Structure formats: C-alpha cells, structure tokens
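**Q** Structure in structure tokens, see below.
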Amino acid sequence: MSSSRLCKVGFLWNELLESFDFGRKHPIRIGRFKMLRNFIEENGFLDQSNVQVINPQPLSEELLEKTHSEDYLAKVRMISETGVGDIDIDTPGFKNIYFHSRIASGASITGIHSVMSGDVDHFISPTGGFHHATFESGGGFCIFNDVAASVITLKQCGLKRILIADFDVHHGNGTQTYFYDDPGVMQISFHEDPEWMYPHDGFIKDIGAGAGCGYNINMHFPMDSCDSVYHYAFDELVPPLIKMYKPEFIIFIPGFDAHYKDRLAHLNITTDMIRYVTKSIHEAAHTHCNGKMGVLTGGGYTNASLKWGFGTVMSVLTGHTYEPPVQEPPFDDDEETWNQVRQNVMKVKELVFPELGI
Ligand SMILES: [Zn+2]
Ligand SMILES: [Zn+2]
13 MSSSRLCKVG FLWNELLESF DFGRKHPIRI GRFKMLRNFI EENGFLDQSN VQVINPQPLS
73 EELLEKTHSE DYLAKVRMIS ETGVGDIDID TPGFKNIYFH SRIASGASIT GIHSVMSGDV
133 DHFISPTGGF HHATFESGGG FCIFNDVAAS VITLKQCGLK RILIADFDVH HGNGTQTYFY
193 DDPGVMQISF HEDPEWMYPH DGFIKDIGAG AGCGYNINMH FPMDSCDSVY HYAFDELVPP
253 LIKMYKPEFI IFIPGFDAHY KDRLAHLNIT TDMIRYVTKS IHEAAHTHCN GKMGVLTGGG
313 YTNASLKWGF GTVMSVLTGH TYEPPVQEPP FDDDEETWNQ VRQNVMKVKE LVFPELGI
C-alpha cells in the first residue's frame, strides 16, 4: 500500500524535448510537450515539495548498440545527417532526428537511474514509451525503443523480474519482440483489437515462448469499449498476474490514447479509468517494488484528453489534487461488447494462468 509519506516524483524535462518534431501535421509536433509542461505548472504540480524536475540525458551510444542493430542505427544516422528519408510511412525523418530521439528516449533512462539511485520513488517521462520500435526497425512514431532500453538498464542493475504494464491503445509490438522468451520480463498489454488497429499484432494466443511462456499477456478490446468492460478485464487479469509475478520494478504506460476524446483509435475510456488503473499499478509498486516505478506517457493525440490524463497520473503519484472536467463518453458498453470482452478475458485466463500456476 502507499505509504503515508508523500512519494518523491521526478518529472523529466528540458527544452530539448520540445524540439522533437515530426512536422506541423503530425500528431507529435512542436508544442506538444511544452503544453504538458505548462499544464502541470499551471495546476501547481511543479510547486510541490515532493516533485522535482530532472534533466534528461541523451541515450548513450553503448545502450543504443544494445537496443538496436548496427544497420538500423546507420539508417537513422543517415536520415539525421541529410534530413532525407523516412523511418516508416507514419514516421517521417528529419534533420538531427538521431540526437533528438536520443534525448526523447534517454529521458526514460535518466528516470530509471534516478529511481535506482533512490533520488525519487517514481519518474514520469512525457516523451517516453516508444514501444513500436524493434531491434532492427523503427515505426509507428517510434525511433529508439526506450522501454526495451529501460529493461536492459534494469537488468544491468541486477533486477530479475521487471513488469511492463502497457495500457497504450496500440499493442507494444516492438517491446514484445525483445523479451518474448524471457521470464525476467512480464509484459501485460491492453489494447484495441489488432484485427483492425495498428500495429495488427498482439493477439491473445501470443503468450510468449520457451521459458517465457505465459509471461507475455495480450488483452484486446473491441471497438467502442468503455470503462465498465475495461474495469472488468483489469480486475480479472492484472491483480492476479502482478501478485504471482512480484515484480521488482514496474514500467507503466498509461493509455491516454484509449480515451474517448482520442480519435486516432476507437476505445472510449475516461479519466476515471485512467485514475483507477494508475492507482492500482502505483499501489502494486509500493507492495512489491519498494515503490520503484517509471511512467512513460508518450501516447495521446488529442490535447484535452492528453492533459486530463497527464494531470490524473501526476495527481495519483504526487498526492496533489487534480480533477479533470466531468467525463462524458458518447455511450455505454452494450451486450455485444460485454460478450466479446468476457470471451477475451476467459481466453487469456485459459492460456496464461495455467502456465504461471495461477
Ligand atoms: Zn508512490
Ligand atoms: Zn498508442
């Protein structure tokens, strides 16, 4: 349970994060991170004695070489020098993309070190969560996979059980490829049905391989799912998995792009659900990990829900009050959605729980 003292929270920020820019018409463009920083300042978070701003360092070349192939790094360097070429169809290249991506992803690693050295209990990295990048390729707005780099760093610190709790509406397909056969990493991903949603991966049957069988958990939701089915699936799956695994560190990616205002995808959760999930994961971090948790919040493409979600997560971690506006999702879960979600939850339990002895 959360201790009675206030948790120390590091907020990763410097002006360089603001320069990460895929262009004026792209969901990730100039202004996005500055807006978040200003928002939490206006809401008094930066005045709290338990909140500190931490200066992100670029991802080291050494860690980059462990996270990505030589060929892929050479490709990004080339695009970076010339400003010509794209990472993939959704992810345009730009001049100096190499350096800017090292900063945007390095922020998460700086946060990991701040938690591991005991400076803070939790960190929040507003640019982090590049979960679509694989060892050999980038894509889906992701250049360097900071989730994988964070895990590699934690393993170097000697940690044996690391939980990735990824509630971004898109499946963390890149991260999944790194640790698919590794019981030292449990990845739980809640996302929209991959049949129609990018990256078209993250099916329930994909539960890991070899020694890692059962440690990769994919739960997906039909289009238009709202809080009630999401709440149900969370309660059925997440607490028993965490209780069994007893992680030593939690990397948490909240699902701001699963919010009903975010129309890059089609789920309809509210900030009430974001608060519920964040509280539960936060409590688990105090129960099992002595508080050690990093939050990567890169996703979220509608300003209103992005700010409300960010404020909600900051509020849970810091204890500072923040209330988003009353949430008005367009409709409720219907019978068909309930049936599909019940079936999916049952399928996950049947496949995964016996592997883990739950
Ligand atoms: Zn805490
Ligand atoms: Zn996403």
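Numbering (my numbering), first residue to last: 13 to 370.
Glycine included, every Cβ here is placed at the ideal spot set by N, Cα and C.
Bear in mind that the values here come from a model prediction, so they are computed numbers and not experimental data.
1) Are the CB atoms of Val307 and Ile136 nearer to each other than 9 Å?
2) Let me know the secondary structure DSSP gives Asp100 once reduced to three states.
3) Report yes if the C-beta distance between Phe32 and Ala116 is below 9 Å; otherwise report no.
4) My understanding is that Ile293 touches Asp180, with C-beta atoms under 8 Å, so please give their C-beta distance in whole angstroms.
5) How big is the Cα-Cα spacing for Gly369 and Glu82?
6) Could you spell out the range, first to last residue, of the beta strand (DSSP E) harbouring Ala177?
7) Among Val328, Asn356 and Glu248, whose alpha-carbon lies nearest the alpha-carbon of Asp218?
8) Please report the straight-line C-alpha distance between Asn55 and Lys291, rounded to a whole angstrom.
9) Sorry if obvious, but does the Cβ on His300 come closer than 8 Å to a heavy atom of ligand 1?
10) On the CB-based measure, 16 or more other CB atoms within 10 Å of its CB, does Met13 come out buried or exposed?
11) Going by C-alpha to C-alpha distance, which of Glu27, Gly196 and Thr139 sits closest to Leu166?
12) Does the beta-carbon of His144, which I'm using as the reference point, lie nearer than 8 Å to any heavy atom of ligand 1?
13) Can you list, in chain order, the residues of its chain with a C-beta nearer than 8 Å to that of Lys172? Leave out the 5 residues immediately preceding and following it.
14) Please determine, among Thr139, Ile91, Gln64 and Val63, the residue with the shortest C-alpha to C-alpha distance to Leu28.
15) Determine which residues share a DSSP beta bridge with Cys154 and list them.
16) In this structure, how does DSSP classify Met235 when only helix, strand and coil are distinguished?
17) In whole angstroms, what is the alpha-carbon distance linking Asp346 and Met235?
18) Using the rule of at least 16 other Cβ atoms within 10 Å of the residue's Cβ for burial, across every protein chain shown, is Met231 buried or exposed?
19) Roughly how many whole angstroms lie between the Cα atoms of Met47 and Asn315?
20) If the criterion is Cβ atoms closer than 9 Å, does the pair Lys319 and Phe51 meet it?
21) So, at 6 Å on beta carbons, what are the nonlocal neighbours of Met12 in its own chain, with the 5 sequence-adjacent residues on each side left out?
22) By DSSP, does Ser137 sit in helix, in strand, or in coil?
23) Exposed or buried, Ile101, counting other C-beta atoms within 10 Å across all chains shown (16 or more means buried)?
24) Mind checking which residues open and close the alpha helix (DSSP H) that includes Phe51?
25) Using a Cβ-Cβ cutoff of less than 7 Å, which residues in the same chain neighbour Asn108 once the five nearest sequence positions on both sides are dropped?
26) Closest to Asn26 by C-alpha separation, out of Glu348, Glu73 and Asn67, would be which residue?
**A** Here's the rundown:
1) Yes. Within cutoff.
2) Look at Asp100 here: in three-state DSSP terms it is strand.
3) For the pair Phe32 and Ala116, the CB atoms are nearer than the 9 Å cut-off.
4) Contact between Ile293 and Asp180 fails: their C-beta atoms lie close to 14 Å from each other, not under 8 Å.
5) Approximately 40 Å, taken between the alpha carbons.
6) Ile174 to Asp178 is the span of the beta strand (DSSP E), which, as asked, contains Ala177.
7) Closest by alpha carbon: Asn356.
8) The C-alpha of Lys291 is placed about 20 Å away from the C-alpha of Asn55.
9) No, ligand 1 has no heavy atom inside 8 Å of this Cβ.
10) With a pLDDT of 42 at Met13, under the threshold of 50, the modelled position of that residue is not reliable, and no figure is offered here.
11) Leu166 has its Cα closest to that of Gly196, out of Glu27, Gly196 and Thr139.
12) His144 Cβ: outside cutoff for every heavy atom of ligand 1.
13) Within the same chain, Gly196 and Glu260 come within 8 Å of Lys172 by CB-CB distance, once the 5 residues on both sides are set aside.
14) Of Thr139, Ile91, Gln64 and Val63, the smallest CA-CA separation from Leu28 is found for Thr139.
15) Answer is Gly151, bridged to Cys154.
16) Coil.
17) If you draw a straight line from the Cα of Asp346 to the Cα of Met235, it is about 11 Å long.
18) By the beta-carbon neighbour count (other beta carbons within 10 angstroms, threshold 16), Met231 is buried.
19) Each residue's Cα considered, the two are about 8 Å apart.
20) For the pair Lys319 and Phe51, the CB atoms are nearer than the 9 Å cut-off.
21) Past the boundaries of the shown model lies residue 12; the chain is included only from 13 to 370, so the question cannot be answered.
22) Strand at Ser137.
23) Per the 10 Å Cβ criterion, exposed.
24) Element bounds for Phe51: Arg44 to Glu54.
25) So the qualifying residues of the chain are Ser92.
26) With respect to the C-alpha of Asn26, the residue from Glu348, Glu73 and Asn67 having the closest C-alpha is Asn67.
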